[in-house]
Amino acid sequence: MAQVAPALETGTQGTQGTRRRTSKLARREARAFYGFASPWIIGFILFGGGPVVAALLLSFAHWSLLSTPSWAGFANYHKMFADPLFYKSIVNTIYFGAGSVCLGVVTSFLLAILLNQKVRGLGFFRTVFYLPSVVAGVATAILWVNILQPDSGLINSFLRFFGIKGPGWLVDEHWAIPGLILMSVWGAGNTIVIYLAGLQSISPTLYEAARIDGAGWWSRFWHVTVPMMSPVIFFNVVTSLIASLQAYTLVLVMTEGGPNNATLMLGLYIYRQAFEYFDMGYAAALSWAMFALIGVATALQFVLARRWVHYDA
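Numbering (the numbering used here), first residue to last: -14 to 298.
Okay, here's the thing in structure tokens:
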């Protein structure tokens, strides 16, 4: 027992020494983490957290930018729920968001599959499809206003070549949002790059095993490519939906919310209230409505993702 006790003491001391070294290393790593992360944290607090708190306070106030803010209680929120244009902008925003995400995600996925084939001039084709993503938003909007012109636009001219009369696109209430959805595919280059990275990370052995089992092209695509790409598809759906629900610049330049408020999105309505009508309090309340809309849509995506996203595929 006399020999065992020192051994136990030595083991205890060794364990305590290891714990001390581990704790010291953990503290050093924590200090390094906060040191490197501090620029982002400080920037977020000053330029992200500060405006968020200010918007929350302003949503309970009347403020015209040129006067002193005055407390309004829930008046802005009462006004919002009684405002028919608020509901119209919500419907338009959801319509545009759902349409542009569905069309954009499917189109960019199919283009990424084509751009993942081993063909001559592949670098050129990838560059061509990515180039629209680096064009400024206003330039893109002006370009598509001309493309979607009912009489002289490129799309309707193409349809006339086959004897088809094209719609009024941006000047027709029923075709204005479909026109914007069609335009949204223009900037799919970033999404294509993410899809390409995901496609190239799929192990070729999975396709080889599927071929040995007699699987055709469609079976390999549906049972190998889609499940393996489901986390990437989910990421693109979430980020694209968040961006689409905040659509503002393209709508302002292309339609200014018309015709007859047919393309009035929530982002554009917030801009109008803030900088055309100088009702900053109401604009702040609308901003929180947009935040709630994006939060609910994102949470719903995460709930539905449990049914079709396979992280362990």
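Quick reminder that beta carbons are idealized off the backbone N, C-alpha and C, glycines included.
Predicted, not measured: the structure shown is a model, and the values here were computed from it.
In this structure, does DSSP put residue i in helix, strand or coil?
i, result
"residue 161", "helix"
"residue 129", "helix"
"residue 57", "coil"
"residue 47", "strand"
"residue 282", "helix"
"residue 199", "coil"
"residue 330", "No answer is possible for residue 330: the residues shown for the chain start at -14 and end at 298."
"residue 258", "helix"
"residue 152", "coil"
"residue -8", "Residue placement at residue -8 is flagged as unreliable, the pLDDT there being 48, under the threshold of 50; the coordinate-derived value follows with that caveat. Three-state DSSP puts residue -8 in a helix."
"residue 214", "helix"
"residue 8", "helix"
"residue 295", "coil"
"residue 85", "helix"
"residue 147", "coil"
"residue 356", "Here the chain covers residues -14 to 298 and nothing more, so residue 356 does not appear."
"residue 241", "coil"
"residue 103", "coil"
"residue 135", "coil"
"residue 263", "coil"
"residue 233", "coil"
Contact defined as beta carbons within less than 8 Å: I believe residue i pairs with residue j. What is the distance between those atoms, to the nearest angstrom?
i, j, result
"residue 174", "residue 217", "That pair is no contact at about 16 Å."
"residue 74", "residue 256", "With 8 Å as the limit, residue 74 and residue 256 do not qualify as a contact, their Cβ atoms being about 11 Å apart."
"residue 114", "residue 100", "7 Å"
"residue 204", "residue 194", "So it is not a contact: roughly 12 Å between Cβ atoms."
"residue 191", "residue 178", "Wrong, their Cβ atoms sit about 22 Å apart, outside the cutoff."
"residue 118", "residue 172", "5 Å"
"residue 215", "residue 86", "Actually they are not in contact, since the Cβ atoms of residue 215 and residue 86 sit about 16 Å apart, beyond 8 Å."
"residue 97", "residue 43", "In fact, because the Cβ distance is near 43 Å, the residues do not count as touching under 8 Å."
Roughly how many angstroms separate the alpha carbons of residue i and residue j, rounded to a whole number?
i, j, result
"residue 279", "residue 230", "7 Å"
"residue 23", "residue 136", "55 Å"
"residue 240", "residue 21", "44 Å"
"residue 273", "residue 64", "14 Å"
"residue 286", "residue 223", "7 Å"
"residue 147", "residue 289", "42 Å"
"residue 244", "residue 38", "35 Å"
"residue 116", "residue 128", "14 Å"
"residue 291", "residue 228", "22 Å"
"residue 80", "residue 156", "18 Å"
"residue 17", "residue 9", "12 Å"
"residue 258", "residue 56", "18 Å"
"residue 281", "residue 242", "24 Å"
"residue 163", "residue 34", "36 Å"
"residue 176", "residue 105", "23 Å"
"residue 236", "residue 276", "19 Å"
"residue 27", "residue 91", "38 Å"
"residue 232", "residue 199", "46 Å"
"residue -9", "residue 11", "Confidence in residue -9 is poor, its pLDDT being 49 and thus under 50, which makes the residue's placement unreliable; the coordinate value appears in the next sentence. Going by the C-alpha atoms only, they are around 29 Å apart."
By alpha-carbon positions, which one of the options ends up nearest to residue i?
i, options, result
"residue 159", "199, 247, 134, 112", "247"
"residue 154", "139, 148, 147, 146", "139"
"residue 220", "294, 168, 164", "294"
"residue 263", "14, 32, 51", "51"
"residue 271", "199, 60, 149, 181", "60"
"residue 77", "161, 145, 62, 32", "161"
"residue 206", "266, 30, 95", "95"
"residue 251", "68, 14, 36", "68"
Which residues in the same chain have their Cβ closer than 8 Å to the Cβ of residue i, if we skip the five residues on either side of it in sequence?
i, result
"residue 58", "45"
"residue 70", "246, 249, 254"
"residue 123", "234, 238"
"residue 88", "166, 167, 169, 170"
"residue 62", "44, 270"
Between which residues of its own chain and residue i is the CB-CB distance below 6 Å, once the five residues before and five after are set aside?
i, result
"residue -12", "A caution first: residue -12 carries a pLDDT of 48, below 50, which makes its placement in the model unreliable, though a value can still be read off. Answer for residue -12: no residue qualifies."
"residue 66", "none"
"residue 54", "46, 48"
Using a Cβ-Cβ cut-off of 7 Å (strictly less than) and excluding sequence neighbours within five positions of residue i, which residues of its own chain qualify?
i, result
"residue 112", "none"
"residue 283", "223, 227"
At the 8 Å Cβ level, is residue i part of the contact set with chain C, yes or no?
i, result
"residue 52", "Looking for chain C here will not work: only one protein chain is present."
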